[in-house]
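Protein chains: 2
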Amino acid sequence: MNWRPQMERALALAALGAGTTSPNPMVGALVLDQDGQLVGEGYHCRAGEPHAEVMALAQAAGRARGGTLVVTLEPCCHQGRTPPCCDAVLAAGVARVVVAMADPDPRVAGGGIARLRAAGLEVVVGVAELEAARLNQAFVHRVRSGRPWGLLKWAMSLDGRTALPNDESQWISGPLARQWVHRLRGRCDAVIVGGGTLRADDPLLTSRGARTPEPLRVVLSCSLDLPVAAQIFQSEGVAATLVAHGPEASRAAQERLDRLGIERLQLPQCTPLGLLEGLAGRGCNQVLWECGPTLAAAAVRQGCVQQVAAVIAPTLLGGEPARTPLGRLDLTRISEAPRLISQGWHPLGPDLLWLHALGPASDP
Amino acid sequence: MNWRPQMERALALAALGAGTTSPNPMVGALVLDQDGQLVGEGYHCRAGEPHAEVMALAQAAGRARGGTLVVTLEPCCHQGRTPPCCDAVLAAGVARVVVAMADPDPRVAGGGIARLRAAGLEVVVGVAELEAARLNQAFVHRVRSGRPWGLLKWAMSLDGRTALPNDESQWISGPLARQWVHRLRGRCDAVIVGGGTLRADDPLLTSRGARTPEPLRVVLSCSLDLPVAAQIFQSEGVAATLVAHGPEASRAAQERLDRLGIERLQLPQCTPLGLLEGLAGRGCNQVLWECGPTLAAAAVRQGCVQQVAAVIAPTLLGGEPARTPLGRLDLTRISEAPRLISQGWHPLGPDLLWLHALGPASDP
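Top to bottom, those sequences are chains A and B.
Just so you know, we're using the working numbering here: the first sequence kicks off at 1 and counts up by one.
Just so you know, we're using the working numbering here: the second sequence kicks off at 365 and counts up by one.
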């Protein structure tokens, strides 16, 4: 029997939980009665709330008996914030369970499948396994490595600049790109910047409502030399903020934050790796690095970045450092930068060619 | 009567001359007899050789009489290296001439159209005018501005680097991108570098046979501090080379080049603008800037760049200058750079988002 169509539906249900299930994975499930009719559907929405299997079986009620449960991840067999799903599956009396992938969580790791088989159920494993693993790549990465999946995002000009020599950086990319960044934040559990970005850009770092609650805003600062008037410290009602630092931060600086009621996390080491281990402990599956070049490079060097999202804006910013594509352009404002008009992009083997015509500067 | 299909054919004929007609434009022509049957085709292949109209009329022979000439550019009315085309058109006895666009060359500039009309021919002007102007954008730009059309090309990593901090730059882009650059050179009359690129990269700067003759290789050097062992000076049989400099170059340095038989062009000023005016005088319609950041930025500042071709390679090179996307990555070789796996690109308003997964370095 080909269970792929049913599993694809279950995966679509699972994806409805995107952004809110951490530290849990996204899971979707559906129940067919013994005649193969769809009688229940469910997905995991939020940690502490019912798992997908329980939701789908509850909807199916008595019609699950002798039927089939299709679920995107192995049912759990341990007591967590909710009871083990295997209990519910056995209680519902289904004859068959179809699973996309085993749960990499060491508390499950095949134990759920073994328990169902021991109880006499037919268990099919591996249907649309690749798609299921891709959907939960962040969860799988966190369970296996002990660190959340890291996504590094930046916006730059076509000549690889993220700011003018005078540090002006708002706005290199356009409104659609900025909206996309808000949605991206909505799929992450935390958004990370360094103290430098906080001082230079004073970002708000929210998803503008794309995720409820908003992702945790994290500042990694070894010095704790932070501007307390920064937006992220003045908008605690909008989103939570955490300042992470190492043991070298001065007692005085720590106390200054404590007095202001700003939450601190002291790490064994003030490094990207130390931070991610701390954030894994707080239930983060996926984090977004929105930091400056020094912290971003450290994150890449320490294996804290699994994905890069580069927004390349059709403009040229120039600057003195000699081995980037352009030298001095004598600009003092982003709006003075030459506008490029896209003439299409083309893959050239692994490379991307993007052709542009050069238009006049927008503010002559 | 809709002449667009015939004009599109004539434009396709014209494009066969791409790269070799300078300082002339690309021109294509076809002749229909008085019953509308195609009886002749031609295109301009090389300066000094027959113009498209003459070629097409010759092929049509007597059958042109009473027919129609369709031509992508106004027939010339002045004696150049070949006789005026208007003479040939009138001699052939066609009743109608369909023209895509007037010739911006001040020696023609509507004079050809006026002469044909004065002789009693029906002249239709403006069929597929936009496409014709685009095809000859370089020629039109050169005739109007006195300077060749400038195309600036670079290859960079996704983080906007064209070399490692230790100057290694070969090869950031892949073989298909490098082949594309050879074909691009084949559509240009000259390829320009500065002395720094010559000293750092020692490029050959040919089209690898895509154009015959090869485009002129030009070095713009104010100091004339050039390595005479460079490939471009050791391969005169493959392609011609020209060294351009300003009045400030020392007499000794000039004489050193003269003794080696290297052609020099002394400019009133050692600037991109001065160089382009010199190259316009040598019949260049389109030039390719393949220079380093300082000269490239000067060319942009002086309006010497009309088009930018950025090849963005899926890799990260890092470096210290703080306001490019990444800081230090501790790389000493391009092959050590992290490999990015494209996950697709998406337009976001005018911006381009390119998503990547981060793979292992290719030489671990």
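Glycine included, each C-beta is placed from N, C-alpha and C at the ideal position.
Remember, predicted model here, so these are calculated numbers, not experimental data.
What's the call for residue i, buried or exposed, on a 16-neighbour Cβ count within 10 Å?
i, result
"residue 167 of chain A", "exposed"
"residue 412 of chain B", "exposed"
"residue 370 of chain B", "buried"
"residue 250 of chain A", "exposed"
"residue 40 of chain A", "buried"
"residue 4 of chain A", "exposed"
"residue 366 of chain B", "exposed"
"residue 134 of chain A", "exposed"
"residue 298 of chain A", "buried"
"residue 550 of chain B", "buried"
"residue 592 of chain B", "exposed"
"residue 674 of chain B", "buried"
"residue 21 of chain A", "buried"
"residue 400 of chain B", "exposed"
"residue 527 of chain B", "buried"
"residue 624 of chain B", "exposed"
"residue 12 of chain A", "exposed"
Once the 5 residues before and after residue i are set aside, which same chain residues still bring their CB inside 8 angstroms of it?
i, result
"residue 66 of chain A", "33, 34, 93, 94, 95"
"residue 313 of chain A", "155, 156, 157, 158, 172, 173, 174, 177"
"residue 666 of chain B", "635, 636, 637"
"residue 54 of chain A", "42, 82, 85, 88"
"residue 106 of chain A", "143"
"residue 423 of chain B", "395, 403, 404, 405, 406"
Which same chain residues end up closer than 7 angstroms to residue i when comparing Cβ atoms and leaving out the 5 residues on each side of it in sequence?
i, result
"residue 656 of chain B", "558, 560, 561"
"residue 402 of chain B", "394, 396"
"residue 602 of chain B", "570, 578"
"residue 8 of chain A", "128"
"residue 374 of chain B", "392, 393, 394, 434, 435, 436"
"residue 477 of chain B", "438, 463, 466, 487, 489"
"residue 141 of chain A", "149, 306"
Do residue j and residue i count as a contact pair if the criterion is CB distance below 8 angstroms?
i, j, result
"residue 414 of chain B", "residue 446 of chain B", "yes"
"residue 245 of chain A", "residue 267 of chain A", "yes"
"residue 160 of chain A", "residue 467 of chain B", "no"
"residue 494 of chain B", "residue 453 of chain B", "no"
"residue 606 of chain B", "residue 578 of chain B", "no"
"residue 288 of chain A", "residue 192 of chain A", "yes"
"residue 439 of chain B", "residue 649 of chain B", "no"
"residue 574 of chain B", "residue 643 of chain B", "no"
"residue 240 of chain A", "residue 257 of chain A", "no"
"residue 224 of chain A", "residue 254 of chain A", "yes"
"residue 572 of chain B", "residue 668 of chain B", "no"
"residue 109 of chain A", "residue 52 of chain A", "no"
"residue 226 of chain A", "residue 219 of chain A", "yes"
"residue 308 of chain A", "residue 152 of chain A", "yes"
Let me check one thing: in DSSP terms, what residues is residue i bridge-paired to?
i, result
"residue 232 of chain A", "None, per the DSSP bridge assignment."
"residue 521 of chain B", "B:677"
"residue 68 of chain A", "A:32, A:96"
"residue 244 of chain A", "A:220, A:265"
"residue 41 of chain A", "A:30"
"residue 554 of chain B", "B:580, B:651"
"residue 3 of chain A", "According to DSSP, residue 3 of chain A bridges with nothing at all."
"residue 122 of chain A", "A:96"
"residue 13 of chain A", "Residue 13 of chain A pairs with nothing; no bridge assigned."
"residue 73 of chain A", "A:101"
For residue i, which residues of its own chain have a beta-carbon under 6 angstroms away from its beta-carbon, when the five flanking residues on both sides are left out?
i, result
"residue 322 of chain A", "Caution applies to residue 322 of chain A, whose pLDDT of 35 falls short of 50 and renders its modelled position unreliable; the value that the coordinates give is listed next. Correct list: empty, nothing qualifies."
"residue 670 of chain B", "513, 514"
"residue 566 of chain B", "594, 595"
"residue 269 of chain A", "246"
"residue 586 of chain B", "610, 634"
"residue 371 of chain A", "Outside the modelled stretch of chain A, which goes from 1 to 364, sits residue 371 of chain A, for which no answer is possible."
"residue 45 of chain A", "17"
"residue 647 of chain B", "386, 387"
Original post:
At a Cβ cut of 7 angstroms, what residues of the segment 513 to 524 of chain B count as close to chain A, listed as they run along the chain?
Top reply: Flagged, chain order: 518, 520, 522, 523, 524.
Original post:
If contact means a Cβ-Cβ distance below 8 angstroms, which residues of the segment 297 to 317 of chain A contact chain B?
Top reply: Listed in sequence order: 297, 298, 300, 301, 305, 306, 307, 308, 309, 310, 311, 312, 313, 314, 316.
Subject >> Cβ-based contacts, 7 angstroms cut-off: residues of the segment 261 to 280 of chain A near chain B >> reply: Contacts with chain B (Cβ-Cβ distance below 7 angstroms) from the segment 261 to 280 of chain A involve no residue at all.
Original post:
At a Cβ cut of 7 angstroms, what residues of the segment 574 to 585 of chain B count as close to chain A, listed as they run along the chain?
Top reply: Correct list: empty, as no residue qualifies.
**OP:** Check each residue of the segment 56 to 80 of chain A: if its Cβ is closer than 7 angstroms to any Cβ of chain B, include it; give the result in chain order.
**Re:** Cβ contacts with chain B: none found.
Original post:
When Cβ atoms are compared, which residues of the segment 493 to 505 of chain B fall closer than 8 angstroms to chain A?
Top reply: Look at the segment 493 to 505 of chain B: it has no residue with a C-beta under 8 angstroms from a C-beta of chain A.
**OP:** Check distances from the C-beta atoms of the segment 184 to 212 of chain A to those of chain B and list, in chain order, the residues that come in under 8 angstroms.
**Re:** For the segment 184 to 212 of chain A, which is checked against every Cβ of chain B, not one residue is closer than 8 angstroms.
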